[in-house]
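Residues are numbered in my numbering as their position in the sequence shown, beginning at 1, plus a constant of 62. Single-structure report; data block below.
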Amino acid sequence: MPIKFNAAIFVLAFSLILASPVLQAQNPDGQVLYQKHCSACHQTEGHGGIGLPLSQDKISRISDGYINRSIKFGRPGRLMPPFQHELSTAEIQAIVSYLRSWTDQPSPEDNLTAVKGNAEAGKTLYTKYCVRCHDSDGSGVGRGTGVTLSRERRYAIMPAAINNPGFHASVTDQMIRDTIAHGRAGSIMPSFSQKGLNDEEINNLVAYVRTLASTENTSESDIEEPAVYRIESPYDFETTVENVRQTVAGNNFRVFPDRYLEQGLSDRAIGLKFIH
């Protein structure tokens, strides 16, 4: 039986084959992108470690716009890189949508209304209430927390660097105000409304926080301290590792991750399966 050739069907099928990469680029998979670019620091299910935890409660309180801008601009000088040159607008939004799927709450609207306050009055309040965690320059390396030996055990992670240019490019005045007023669930950031600060005082704090924005794009190469210390150990490998582990834990630091370097930072890198 002779085979009839339908040119129209052939052209349509060939066009779909050519278009499939384009369609994939226009409809990227947020979960795949998150696992590739984000899970090493934030972990597969957002539990955090090197990066901040991305809990359902936290996601429900922050807007898609803030997440989008945070991915885009990153946190210069910190571990969070900017992805604006690595990921397309559609890919960043796909990650945002994937994170939003972790909660049944819709994204809060971005309130772009500027907060008006007295920065000088806010500085006095900042010194009284905020320096201990966020430090005088807003770097997050406060006294009794952060990466110092005196860090309290209840501080699982460093407080946010609220002087970071990426933070200021991502956050709105109203989000800063809401965080100060109501605190941050799942962290030790308290509600200062409950501590007795009135609306005017909170506005003054917001105004002062905005003055902390750093214009320097600090990189790891700017750090004068050596990145690696080489010390000869008189013990065998296993004993040396255990001694280091105990010393690190004894100084209130966390051992993360507990695996060999070639295995990667995330559980996905060593082929573990997660049950949801």
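Virtual Cβ for every residue (Gly too), placed ideally from N, Cα, C.
Residue i classed as buried or exposed, judged by whether at least 16 other C-beta atoms fall within 10 angstroms
i, result
"D261", "exposed"
"L174", "exposed"
"P221", "buried"
"Y188", "buried"
"L141", "exposed"
"I293", "exposed"
Residue i - DSSP class collapsed to helix/strand/coil
i, result
"R137", "coil"
"N260", "coil"
"S148", "In the sequence as displayed, the identity of residue 148 is Glu instead of Ser. Coil at E148, not helix or strand."
"M142", "coil"
"S249", "coil"
"K190", "helix"
"I121", "helix"
"D235", "helix"
"H109", "coil"
"F254", "coil"
"G127", "helix"
"K98", "helix"
"P227", "helix"
Euclidean distance between Cα positions of residue i and residue j
i, j, result
"S276", "N225", "5 angstroms"
"A243", "G202", "19 angstroms"
"K98", "D240", "32 angstroms"
"T273", "I121", "27 angstroms"
"Y96", "I154", "9 angstroms"
"H104", "G139", "18 angstroms"
"P252", "C195", "11 angstroms"
"S295", "V310", "16 angstroms"
C-beta atoms of residue i and residue j nearer than 8 angstroms
i, j, result
"G30", "V268", "There is no way to answer for residue 30, as the model of the chain reaches only from 63 to 338."
"F198", "G92", "The amino acid at residue 198 is misidentified as Phe; the sequence shows Ser. In this structure, G92 does not lie closer than 8 angstroms to S198 by Cβ."
"K190", "Y270", "no"
"W164", "G108", "yes"
"A247", "D119", "yes"
"G228", "G136", "yes"
"R162", "S232", "no"
"P143", "K134", "no"
"D235", "A176", "yes"
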